[in-house]
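The block underneath contains the structure these notes are about, expressed in structure tokens.
Residue numbers (the working numbering): 34 to 335.
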């Protein structure tokens with residue numbers, strides 16, 4: 034009897050060991066990673082930009098880039114670009130391929146970064162994508178500092194004015210589009226060599242360079258802000274920029290389109306300059322193969 038009890042006890046011990054071995058072990062608890070700051074929330078990105086600029090020790094900003102989870106700033110220090118970024122939960126100085134080639138520096142306080150999420154939503158509404166959005170402020174061309182939002186995969190870049198409003202989309206086949214485009218390219222310039230409008234493309238103005246014998250060209254497209262480039266000098270005579278009258282341009286367009294050989298809604302272009310070296314510049318229009326010449330006030334000459 035005793036042997037039977039010992040055998041049974043041993044069998045039960047083996048069975049318990051088997052059952053214990055088959056029982057799943059208690060899972061090791063995991064700690065969820067602490068989420069980092071969301072730079073799309075109001076005020077968060079602006080505060081981080083300020084912090085990174087303090088760490089960089091310079092207010093001569095070359096570039097600001099903001100995404101939902103990271104922020105990067107590049108500044109000019111000892112005439113060289115230095116980049117700081119907040120990534121993976123910490124701020125640090127990082128390597129960058131940014132080169133300094135006399136691009137403009139800017140003051141971040143001149144740009145509305147109070148609500149980056151709002152800018153992202155506005156950009157998505159215009160370009161149709163919100164995939165991995167990032168905001169960039171940088172000298173886009175010739176000293177023109179622009180704020181824009183892009184996506185990855187890349188869609189159409191959306192531009193903003195410094196106050197955070199969308200850069201207007203312009204239709205240069207309207208009186209208002211011609212007026213806005215000319216206003217943008219002329220800016221505060223007092224003299225100009227020429228002003229051109231292409232109804233389905235944009236507005237261009239050329240000016241004497243204040244620092245060299247070259248020519249400065251400023252172009253406003255339908256969906257992008259002014260782009261500035263330089264080229265060699267011009268043979269044209271300059272004239273007062275105040276003589277350019279958008280209303281006179283549109284008056285000629287509407288009158289010419291009423292002629293028998295010019296279809297309503299036809300594409301057109303005009304260049305205003307003083308190529309004939311007269312007392313005043315003239316406006317030279319093209320409607321397909323038809324050329325129309327008008328004086329600066331919009332009276333058709335031929």
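C-beta atoms are modelled at their ideal positions from N, C-alpha and C, and glycine is treated no differently.
Please read these numbers as outputs of a predicted model, since none were measured by experiment.
7 Å Cβ cutoff met for residue i and residue j
| i | j | result |
| --- | --- | --- |
| residue 282 | residue 211 | yes |
| residue 81 | residue 119 | yes |
| residue 188 | residue 205 | no |
| residue 106 | residue 131 | no |
| residue 241 | residue 179 | no |
| residue 313 | residue 329 | yes |
| residue 97 | residue 108 | no |
| residue 266 | residue 287 | no |
| residue 79 | residue 151 | no |
| residue 324 | residue 334 | no |
| residue 202 | residue 126 | no |
| residue 95 | residue 155 | no |
In DSSP terms, what residue i is bridged to
| i | result |
| --- | --- |
| residue 273 | 224 |
| residue 105 | 98 and 118 |
| residue 254 | 235 |
| residue 113 | 110 |
| residue 123 | 120 |
| residue 179 | 171 |
| residue 317 | 304 and 326 |
| residue 264 | 248 |
| residue 77 | Answer is none; residue 77 lacks a bridge partner. |
| residue 230 | 236 and 303 |
| residue 139 | 94 |
Candidates the options, of which the one nearest residue i by Cα
| i | options | result |
| --- | --- | --- |
| residue 172 | 294, 158, 191 and 260 | 260 |
| residue 69 | 83, 94, 100 and 222 | 100 |
| residue 274 | 257, 307, 290 and 265 | 307 |
| residue 264 | 272, 250 and 277 | 250 |
| residue 284 | 76, 269 and 301 | 301 |
| residue 230 | 242, 185, 213 and 294 | 213 |
| residue 93 | 77, 103 and 110 | 110 |
| residue 269 | 183, 311 and 299 | 311 |
| residue 190 | 155, 197 and 182 | 182 |
| residue 197 | 174, 149 and 321 | 149 |
| residue 102 | 124, 90, 91 and 88 | 124 |
| residue 194 | 90, 297, 208 and 177 | 177 |
| residue 192 | 299, 117 and 153 | 153 |
| residue 271 | 254, 305, 331 and 245 | 305 |
Backbone secondary structure at residue i - three-state DSSP
| i | result |
| --- | --- |
| residue 56 | Because residue 56 carries a pLDDT of 45, less than 50, the predicted location of this residue cannot be relied on, and the following value inherits that uncertainty. In this structure, residue 56 counts as coil in the three-state DSSP scheme. |
| residue 235 | strand |
| residue 240 | strand |
| residue 294 | coil |
| residue 287 | helix |
| residue 325 | strand |
| residue 334 | coil |
| residue 199 | strand |
| residue 151 | helix |
| residue 191 | strand |
| residue 209 | helix |
| residue 82 | helix |
| residue 88 | helix |
| residue 165 | coil |
Interface flag, residue i vs chain D, CB-CB below 7 Å
| i | result |
| --- | --- |
| residue 115 | Within the model displayed, chain D is absent; a lone protein chain is all it includes. |
heavy atom of the ligand ZN below 6 Å from residue i C-beta
| i | result |
| --- | --- |
| residue 197 | The ligand ZN is not part of this structure, which contains no ligands at all. |
Any 3 or more C-beta pairs closer than 8 Å across the region 157-165 and the region 128-139: no
Cβ contact (3+ pairs, closer than 8 Å) linking the region 224-236 and the region 138-152: no
Meets three-Cβ-pair contact criterion under 8 Å: the region 232-252 and the region 308-324: no
Any 3 or more C-beta pairs closer than 8 Å across the region 167-184 and the region 212-219: Flag = no, the region 167-184 and the region 212-219 do not touch.
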